[in-house]
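Worksheet: one structure, shown below.
2 protein chains.
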Amino acid sequence: MKKTVTAEILAIGDELLYGQIQDTNSLWISQELDKIGVRVVRRTTVGDNRDDILQAFDAAEKAADIVLMTGGLGPTADDLTKPLLAEYFNCAISLVPEALEAVRTFFERRGRELTETNKLQAHLPTKCTYVPNEVGTAPGMWFEERNTVWMSMPGVPHEMKKLMSDFVLPKLQTLFDLPVIFHRLVKTVGIGESWLSDLIKEWEEALPPHVRLAYLPSLGEVKLRLTAFGDNEEFVRAAVEEQLAKVKPLIAKYIYGYDKISLQEAVGQLLKERRKTVAFAESCSGGYIAHLITSIAGSSAYFQGAVVPYQNEIKSKLLGVSPSTLGTHGAVSEETVIEMAYGVREQFHADFGIASSGIAGPSGETTGKPVGTVWIACSYPGGVTTKLLQLTTDRTINIHLTAISALNLLRTTITDVME
Amino acid sequence: MKKTVTAEILAIGDELLYGQIQDTNSLWISQELDKIGVRVVRRTTVGDNRDDILQAFDAAEKAADIVLMTGGLGPTADDLTKPLLAEYFNCAISLVPEALEAVRTFFERRGRELTETNKLQAHLPTKCTYVPNEVGTAPGMWFEERNTVWMSMPGVPHEMKKLMSDFVLPKLQTLFDLPVIFHRLVKTVGIGESWLSDLIKEWEEALPPHVRLAYLPSLGEVKLRLTAFGDNEEFVRAAVEEQLAKVKPLIAKYIYGYDKISLQEAVGQLLKERRKTVAFAESCSGGYIAHLITSIAGSSAYFQGAVVPYQNEIKSKLLGVSPSTLGTHGAVSEETVIEMAYGVREQFHADFGIASSGIAGPSGETTGKPVGTVWIACSYPGGVTTKLLQLTTDRTINIHLTAISALNLLRTTITDVME
């Protein structure tokens with residue numbers, strides 16, 4: 001057996017200790033290290049305090065082969081990570097011309113002036129390897145000191161993630177002899193965790209010991225993670241694929257994709273493959289479905305556009321919903337949402353028109369229509385499919401679940417109704 | 420000055436280290452301790468591993484007056500917290516009849532059978548005070564040992580929260596002479612951390628020792644946190660408000676609100692107070708501004724609706740953008756975005772029309788317009804304001820920053836241009 005490679009994750013910042021922000025970085029880093037076979041043995045959070053940070057360095061060095069730290073890298077006086085790393089490794093801090101150039105370019109691109117404080121970002125401990133941060137001003141710092149690997153990253157999540165993905169994870173994989181682990185994610189929508197579990201129970205109980213299953217539920221979706229452990233790539237891949245082939249037929253209609261694909265990406269691919277287009281009329285979802293679809297690069301190939309008709313007048317004017325339908329059935333009704341879906345398809349010359357109308361909450365209930373009542377519809381060349389959702393009293397959750405259900409209605413209309 | 424009472428929060432469980440679940444407990448405990456004036460000095464997460472847990476006990480005892488721990492209390496063999504607490508405090512584990520009675524009642528109420536494994540939950544270290552868990556089966560355990568207060572709680576969030584609220588927090592307040600702490604957040608937009616720091620440098624350097632400042636940057640925004648420590652509520656409130664009154668005039672035009680308010684909420688309030696309405700024409704922001712605005716309950720009072728015109732044809736048809744403007748200047752131009760802003764205001768009968776058009780990326784650059792080039796405009800009864808943004812090559816970041824800049828353009832147009 002190979003030696004287990006261990007890591008400690010160290011988050012630095014008073015704002016974390018005082019609970020003003022959730023530390024999402026440490027969770028994300030844990031997940032990424034797990035995927036490449038590095039065992040996280042401890043996570044520690046300390047404040048912007050000299051003694052606590054130095055003591056954390058010391059404890060981390062004793063506990064792990066790799067120390068990944070985030071935060072405390074701002075240019076202001078309360079940020080201590082950089083000077084304390086220099087102190088801990090007993091080295092000076094000096095200007096790195098390449099880093100200064102990067103900071104200068106970063107500001108120039110944004111048409112902003114470079115201040116003296118900004119320039120300090122380019123001064124780094126002499127024992128570190130400078131790691132460029134392409135999406136921010138605080139550079140990454142990599143050390144191989146005291147028989148341990150150290151990486152310091154900014155606490156801003158997207159900056160940290162880019163440094164991890166582009167530099168740290170590939171570097172760790174070349175530097176250490178890591179066990180071979182292979183994961184695949186099966187992504188499902190339209191079914192809850194316990195129902196899914198009932199459908200695949202027998203298969204799950206028959207899994208061999210070198211293959212593990214985890215349920216990863218999130219709002220409106222459940223991911224199944226299959227993990228195999230072994231000594232070589234071929235073995236672990238085959239072990240996962242074998243189980244995947246067995247579980248697929250049991251839950252086929254709920255699977256929208258595998259691994260990194262998102263529901264909006266999967267739906268986009270379906271449209272692209274068939275050279276079809278879509279438009280949205282989003283009342284209660286308020287533009288969130290359009291946001292999800294347009295978050296995917298290249299979506300203009302299949303997305304025509306959207307209308308958010310937050311007043312009834314606009315539903316009639318831009319989407320052609322008949323005032324008598326609105327008067328008789330109300331805005332939150334199957335009749336209205338069908339006319340919206342049809343209208344937006346016409347107006348945008350799209351193949352599919354998706355509409356939502358509902359009571360997002362937390363207030364606004366009417367007789368027979370409690371908060372969380374939502375109608376969605378999908379108009380397509382051959383007809384229309386609709387669905388009534390009974391959601392929660394939480395506005396944010398309702399908007400999110402409406403969007404997922406609408407995207408899933410589009411998906412199933414494309415794959416089941418039209419084929 | 421009172422002695423600062425310190426706490427360490429210790430989360431125990433493999434599932435946390437491997438990133439399978441987010442540790443929301445530690446954040447919540449941090450916030451509650453902060454409110455009662457206990458200073459959290461460290462948070463640590465360790466796995467279900469004997470040596471790591473014992474070492475964490477040892478380190479916590481050295482670091483803090485209070486150690487609050489969650490997890491590792493299940494009745495199965497991989498849960499180690501209870502036996503290790505007994506080992507650490509050098510005492511036996513024995514049956515607590517009162518605890519057995521509670522477990523029995525818990526199962527009876529749910530019509531479930533009490534197994535031998537369940538009964539083990541009622542066996543506790545002899546040195547602990549048994550703390551009943553009314554909503555679960557793993558009891559709380561309170562120790563006052565080695566000049567430190569220790570509380571072990573289950574990892575299930577609602578069980579932990581009930582034990583904290585009903586028992587731990589009141590108990591800590593009677594046991595320790597706690598200082599009073601008061602925080603306020605100043606929320607700014609449209610200025611980076613280092614420029615903000617330059618503007619308030621002199622004020623920051625003159626802060627009295629009982630008031631602390633922290634910069635909390637996030638994508639497109641910077642929050643300033645002012646914290647005062649003292650003996651009574653009146654003193655700390657006055658100390659924070661005094662500094663707030665001094666810093667406000669230095670950065671007034673960047674402040675959109677205080678404490679919990681979000682930018683979209685602040686902009687919504689401005690519109691509501693003035694009985695004005697807004698509509699959006701979102702090309703590169705793809706519906707995200709509408710999503711942010713509609714995430715606020717009651718937004719239908721000031722939000723008329725939005726169009727996401729993802730094809731040029733729609734920009735002309737629904738927003739009245741002249742095809743010759745599109746032909747001469749292109750979709751990403753000041754001329755086009757002005758016509759979009761004007762058109763959406765007309766179409767939706769709104770007081771303000773906000774428009775965005777840009778190259779969100781990661782590809783799509785044209786001559787003179789690199790990825791990240793974005794034009795935004797705000798049309799209002801008396802004219803139009805515009806802004807050119809030079810953002811990044813990351814699509815998600817560009818969409819987010821465009822939305823924040825557009826909301827800020829609306830804010831400043833309302834407050835500066837119109838008044």
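Chains A and B, in that order, are what the protein sequence lines are. Read left to right, the first sequence gives residues 1 to 419 (this note's numbering). Read left to right, the second sequence gives residues 420 to 838 (this note's numbering). Glycine included, each C-beta is placed from N, C-alpha and C at the ideal position. Note that this is a predicted model, so its numbers are computed, not measured.
Shown here, GLN730(B) sits in coil according to DSSP, grouped into three states, outside any helix or strand. Counting the other Cβ atoms within 10 Å of the Cβ of SER299(A) gives 16 or more, which makes it buried.
Along the length of the stretch 149 to 212 of chain A, whole beta strand (DSSP E) runs at least 3 residues long occupy 180 to 189, reported in chain order.
Per DSSP, the unbroken beta strand (DSSP E) holding GLU145(A) starts and ends at 140 to 145. For the stretch 29 to 41 of chain A, residues whose beta-carbon sits nearer than 7 Å to a beta-carbon of chain B comprise SER30, GLN31, ASP34, VAL40, VAL41.
Interface annotation for the stretch 379 to 390 of chain A against chain B: empty, criterion Cβ-Cβ distance under 7 Å. The distance from the Cβ of VAL337(A) to that of ILE289(A) is about 13 Å, inconsistent with a contact at the 8 Å cut-off.
Scanning its chain for C-beta atoms nearer than 7 Å, with the 5 sequence neighbours on each side dropped, one finds around ASN731(B) the residues LEU745, ALA750, in chain order. Any Cβ of chain A closer than 8 Å to the Cβ of VAL575(B) would place that residue at the interface, and such an atom is absent. Secondary structure at ARG830(B): helix, using DSSP grouped into helix, strand and coil. Annotation for ARG50(A): LEU80, LEU84 place their beta carbon closer than 7 Å to its own, counting only its chain and skipping 5 residues before and after. Taken through DSSP and simplified to helix, strand or coil, SER363(A) comes out as coil. For the stretch 715 to 730 of chain B, the beta-carbon criterion of a distance under 7 Å to any beta-carbon of chain A is satisfied by ALA716, SER719, PHE722, GLN723, GLY724, ALA725, VAL726, VAL727, PRO728, TYR729, GLN730. Going by DSSP, GLY343(A) is part of no beta strand (DSSP E) but of the alpha helix (DSSP H) stretching over 334 to 347.
Residue environment for THR607(B): buried (at least 16 other C-beta atoms within 10 angstroms of its C-beta). Taken in chain order, the whole alpha helix (DSSP H) runs of length 4 or more contained in the stretch 24 to 106 of chain A are 24 to 35, 50 to 63, 81 to 88.
Going by beta carbons, ALA56(A) and LEU114(A) fall outside the 8 Å limit.
Judged by DSSP in its simplified three-state form, GLU241(A) adopts helix. At a cut-off of 4 residues, the continuous stretches assigned as alpha helix (DSSP H) that sit fully inside the stretch 528 to 552 of chain B are 535 to 538. Close CB contacts of SER30(A) within its chain, under the 6 Å cut and outside five residues either way in sequence, are with VAL40 (chain order). The beta carbon of ILE314(A) sits closer than 8 Å to some beta carbon of chain B.
The beta-bridge partner set that DSSP reports for TYR215(A) consists of LEU224(A). Apart from the 5 residues on each side of it in sequence, ILE680(B) has no Cβ closer than 6 Å to any other Cβ in its chain. When DSSP states are grouped into helix, strand and coil, ALA720(B) belongs to the helix group.
Note: LEU391(A) is not bridge-paired with any residue in the DSSP secondary-structure output. Residue contact check for TYR88(A) against chain B: no CB pair falls below 8 Å. Judged by DSSP in its simplified three-state form, THR556(B) adopts coil rather than helix or strand. Between MET340(A) and ALA252(A), the C-beta spacing is not below 8 Å. By the rule that beta-carbons nearer than 8 Å mark a contact, VAL465(B) touches chain A. DSSP places SER379(A) within a strand segment (E or B) once states are collapsed to three.
Closest in alpha carbon position to GLY19(A), among ALA720(B), GLU564(B), TYR437(B), VAL457(B), is VAL457(B).
Listed along chain B, no residue sits closer than 9 Å to ASN133(A) by beta-carbon distance, the nearest being about 12 Å off. When the Cα atoms are used, LEU172(A) and TRP142(A) turn out to be separated by approximately 11 Å. In the structure shown, TYR673(B) adopts helical secondary structure according to DSSP, grouped into three states. Within the same chain, and ignoring the five residues on either side of GLN243(A) in sequence, the residues whose Cβ sits closer than 7 Å to its Cβ are LEU207, VAL211, LEU226. The beta-carbon of TYR256(A) is placed no less than 8 Å from the nearest beta-carbon of chain B.
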